[in-house]
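With our numbering, you'll find the sequence shown wraps up at 295, consecutive numbering, no jumps.
In this text, a Cβ means the ideal position worked out from N, Cα and C, and glycines have one as well.
In what follows, a structure is listed as structure tokens, so that the remarks can point back to it.
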Amino acid sequence: MKTSFIISLLYLGLFTAQVRAQNPIATDTALTTRHGPEQGSLVIIGGGDIGDEIWDKFIELAGGKDSAFFVVVTNATPTPSEYITNSLAGFEKRIGKNRFSVLNLKTIREANDEKNLRDLKKATGVFFIGGRQWRISEVYLNTLAHQEFFNVLARGGVIAGTSAGASIQGSFLWRGDTKGHHIIAGDHTQGLGFLRNSAIDQHILTRNRQADLSEFIRIAPQFIGIGIDESTAAVVGRDTLEVIGKSYTAIHDAKSLPFFFLREGQKYDLKERRIIRPPRRPRGENNNPQPASEQ
1 MKTSFIISLL
11 YLGLFTAQVR
21 AQNPIATDTA
31 LTTRHGPEQG
41 SLVIIGGGDI
51 GDEIWDKFIE
61 LAGGKDSAFF
71 VVVTNATPTP
81 SEYITNSLAG
91 FEKRIGKNRF
101 SVLNLKTIRE
111 ANDEKNLRDL
121 KKATGVFFIG
131 GRQWRISEVY
141 LNTLAHQEFF
151 NVLARGGVIA
161 GTSAGASIQG
171 SFLWRGDTKG
181 HHIIAGDHTQ
191 GLGFLRNSAI
201 DQHILTRNRQ
211 ADLSEFIRIA
221 PQFIGIGIDE
231 STAAVVGRDT
241 LEVIGKSYTA
251 IHDAKSLPFF
261 FLREGQKYDL
271 KERRIIRPPR
281 RPRGENNNPQ
291 PASEQ
């Protein structure tokens, strides 16, 4: 496994250098954040059922039910698909059918055609459904559509995604091989990079993947590994990550290998690579409150 990782990283370095030479995506060299977006937010969901607390946070970050407009990217799953139908039904139930549109472009040429990007230009939120993450990168990577995704963040909007839609948000595309998700560093290695210098895994406890990112981070310590279980989300604003949902998020940090878990309500500083502890109560404040039934 170690040899395959090293080879993949060598290819990644070569590929990244080539992409930067012809990349139409505007880059900001004055970034103050290390991993997260300068403006806007990310909601990175580990797959499975998406609970109300995750939906509510996503809609809130997009401007609220009455103001938000979403673009739902369905490329990860081939059409027609019951999975797409169910995903869109979730949007219609929560925000109404007039508050979102579907984006499923087929070619790089289409993703570079301004007339196909009109809804993206007014979106306050983007949602990538699950499936296979390489299908997203094959159409949108380094295109004008990709730039418009970044523009949503620049306007203070939110980008969210579940399962494949989580992994595509990283810079290194984890499980991006066309032959199957069992190949963790394969023939597609560049994600859309909303969370910079990162690799993102999903379904980690449900599919016993919680340790899979550790070797990669050991070899490439400049990256941060984020592994998210089902029905759980990592919400990122600038360089602060907060966990919401029913299960756990694993942080793979070269300083703390192999990994550690965060649960709902816990926060992590991606820039400083440390857990954000809740503030201590002032001295003299009651630190042992009585149970509610006894108060």
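Go through its chain and collect everything with a Cβ distance to residue i's Cβ below 8 Å, but skip five positions before and after it.
{"i": "S214", "result": "G225, H252, L257, P258, F259"}
{"i": "E110", "result": "N116, V139"}
{"i": "D187", "result": "W134, G176, D177, T178, K179"}
Taking 6 Å as the limit between beta carbons, can you name the residues of its chain near residue i, skipping five residues before and five after?
{"i": "R273", "result": "D253, K255"}
{"i": "G131", "result": "A76, T77, A164"}
{"i": "L120", "result": "V71, E148"}
{"i": "N112", "result": "T143, L144"}
{"i": "S87", "result": "I129"}
{"i": "I275", "result": "Y268"}
With residue i and residue j assumed to form a contact (beta carbons below 8 Å), what rounded beta-carbon distance in angstroms separates them?
{"i": "A164", "j": "I200", "result": "The pair is not a contact, with the Cβ atoms about 10 Å apart (cut-off 8 Å)."}
{"i": "T107", "j": "I129", "result": "That pair is no contact at about 19 Å."}
{"i": "I45", "j": "A166", "result": "6 Å"}
{"i": "G36", "j": "R238", "result": "5 Å"}
{"i": "L141", "j": "Q210", "result": "About 28 Å separates the two Cβ atoms, so there is no contact after all."}
{"i": "G193", "j": "A160", "result": "Not really, about 16 Å apart at Cβ, beyond 8 Å."}
{"i": "G265", "j": "G51", "result": "Contact doesn't hold; Cβ gap of about 14 Å is too wide."}
Within the continuous alpha helix (DSSP H) that includes residue i, where are the two ends?
{"i": "A220", "result": "Neither: A220 is in no alpha helix (DSSP H) and is coded neither H nor E."}
{"i": "I54", "result": "52-61"}
{"i": "S344", "result": "There is no way to answer for residue 344, as the model of the chain reaches only from 1 to 295."}
Tell me which residues share the same chain as residue i and place their Cβ nearer than 7 Å to its Cβ, disregarding the 5 neighbours each side in the sequence.
{"i": "Q39", "result": "L153, A154, G156"}
{"i": "L262", "result": "V243, Y248, T249, I251, Y268"}
{"i": "A62", "result": "A68, F70, T124, G125, G157, V158"}
How far does the beta strand (DSSP E) with residue i in it reach, from first residue to last?
{"i": "K259", "result": "Sequence inspection shows Phe at residue 259; the Lys mentioned does not correspond to that position. Element bounds for F259: n/a, residue is neither H nor E."}
{"i": "K255", "result": "No beta strand (DSSP E) holds K255; DSSP gives it neither H nor E."}
{"i": "F100", "result": "100-103"}
{"i": "V274", "result": "Reading off the sequence, residue 274 comes out as Arg, not Val. Run containing R274: 274-276, per the beta strand (DSSP E) assignment."}
{"i": "S41", "result": "41-45"}
{"i": "F70", "result": "70-73"}
{"i": "K267", "result": "267-269"}
(message) At 3 residues or longer, what runs of the beta strand (DSSP E) sit wholly inside the segment 108-170?
(response) 125-128, 158-162
(request) Note down, one range per segment and in chain order, each alpha helix (DSSP H) of at least 4 residues found wholly within the segment 199-250. (result) 214-219
(request) Say whether the segment 185-202 touches the segment 166-176, bearing in mind that this needs 3 or more beta-carbon pairs closer than 8 Å, one atom from each stretch. (result) yes
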